[in-house]
Amino acid sequence: MARLVEIFSSIQGEAELVGVRQIFVRFFGCNMRCEWCDSPETLTAPRGPLLPARLEERPGSGRFTRLDNPVDVAGVLGGVRRLNDVPHHSVSLTGGEPLLHVEFLERLIPAIQGEGLPIYLETNGLLPDHLSRVVDRLDWVAMDLKPPSCTGQPWPNWLELHRRFITIARDSERRPRLFFKLIVSADADRQEMRSAFDLVAETAPDCSLTLQPVTPFGRVRSGPSMEAMLGWHELAATRLRDVRIVPQLHKLMNVL
Ligand code: SF4
């Protein structure tokens, strides 16, 4: 059983697969507290009985029914099947941090793949031991880079955890397609950004890196200027061959 927030159909708004249509399974809970987190409903919940998750009634309808928490594998699979009556590219496991539910994922992922749907994992890249338990079933890994100056949260061993995470993804038998996203704040620190770019250049130089200006949310009132973003692009592109600047598409299009 796992605690969910929602299951819905939308387009992927970030990084390398931007624009593809996916079924999103959003898990509750995260090991981080990024200042600008745009999924605060995954971080804390009111005291008392567990709130139900919500399940979109028809793909793209924006209307939801409730799904009692915690949800079992059959419950998630039923939701995915219901939405997959129009073609989808893949199922995005997102959150929160979906790898916090790794025991559940070990059973859920094969069940979803049995429906013919590939698996796309969105992750903050800070739980390498959890990744090692499911990596050989994944098709895509969309990994965030989390320099503390961009999250507003001190995390002393972030680089070391990222390094282990990337190594596990790269050394796995299945070798899921790995790519990176870095949400850039107005306070991004040059030394931390350089370290993040160096890490990707050293461990996964053939993978793409998408730099995404933070979308103001919560305590964060403004993002970096375009001039600043171009400066970060330049610093990254001297080390990596595929560096892009892309804002969150689903926010621009005002969809889920
Ligand atoms: S890692 Fe993602 S879900 Fe977790 S706090 Fe940061 S932005 Fe929110």
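Using the numbering used here, the first residue of the sequence shown is number 16, and each one after it goes up by one.
All C-beta atoms, glycine included, are put in the ideal place defined by N, C-alpha and C.
Say the cut is 8 Å; is the CB of M158 nearer than that to a heavy atom of the ligand SF4?
It does not: the Cβ of M158 is nowhere closer than 8 Å to a heavy atom of the ligand SF4.
Excluding the 5 residues preceding and the 5 following G44 in the sequence, name in chain order all residues of the same chain whose CB lies nearer than 8 Å to its CB.
Excluding positions up to five away in sequence, the list reads R18, T57, L58, G110, G111, E112, L115, H116.
Helix, strand or coil at K266 according to DSSP, with G and I counted as helix
DSSP places K266 in helix when its eight states are reduced to three.
Tell me whether Q65 sits in a helix, a strand or coil according to DSSP, three-state version.
Rather than Gln, the amino acid found at residue 65 in this sequence is Leu. The answer is coil: DSSP assigns L65 none of H, G, I, E or B.
Is it the case that the CB of E112 approaches a heavy atom of the ligand SF4 more closely than 8 Å?
Checking the Cβ of E112 against the ligand SF4 gives yes.
With DSSP collapsed to three states, give me the class of S76.
In the three-state reduction of the DSSP assignment, S76 falls in the coil class.
Using 8 Å as the cut-off, can you tell me whether the segment 28-36 makes contact with the segment 81-91, which would need three or more C-beta pairs spanning the two stretches below that distance?
In short, these stretches do not touch, since the Cβ pair count stays below three.
CB of T138 within 9 Å of CB of A157, strictly:
Yes.
Cα-Cα separation, D154 to Q128
Each residue's Cα considered, the two are about 10 Å apart.
Nearest-angstrom Cα distance between R277 and L271?
This structure gives no information on residue 277, because the portion of the chain shown stretches from 16 to 271.
Taking the straight line between their C-alpha atoms, what separation do you get for L197 and V95?
Taking the straight line from one Cα to the other gives about 29 Å.
Mind listing, in chain order, the continuous alpha helix (DSSP H) runs of no fewer than 4 residues lying wholly within the segment 185-220?
Listed in chain order, the complete alpha helix (DSSP H) runs (minimum 4 residues) inside the segment 185-220 are 205-218.
I181 versus I134, L142, T80, H248, residue with shortest Cα-Cα distance
It is L142.
Bridge partner(s) assigned by DSSP for P228:
Residue pairing by DSSP places P228 opposite V199 in a beta bridge.
Cβ-based neighbour list, T230, same chain, cut-off 8 Å, excluding 5 preceding and 5 following:
Cβ within range, chain order: W51, D53, G238, P262, Q263, K266.
Suppose you measure from the CA of L226 to the CA of M244; what does that come to, to the nearest Å?
The straight-line gap separating the alpha-carbon atoms of L226 and M244 is approximately 8 Å.
When burial is assigned at 16 or more other CB atoms within 10 Å of the CB, is V106 buried or exposed?
Buried, since its Cβ has 16 or more Cβ neighbours within 10 Å.
Evaluate R272 with the Cβ neighbour count: other Cβ atoms within 10 Å of its Cβ, from every protein chain shown; 16 or more gives buried, anything less gives exposed.
Limits of the chain in this structure are 16 at one end and 271 at the other, which puts residue 272 out of reach.
Going by alpha carbons, who is nearest to D144 out of P64, V258, E118?
Among P64, V258, E118, the Cα nearest to that of D144 belongs to E118.
Nearer than 8 Å: is that true of the beta carbon of L136 relative to any heavy atom of the ligand SF4?
Every heavy atom of the ligand SF4 is 8 Å or more from the Cβ of L136, so no.
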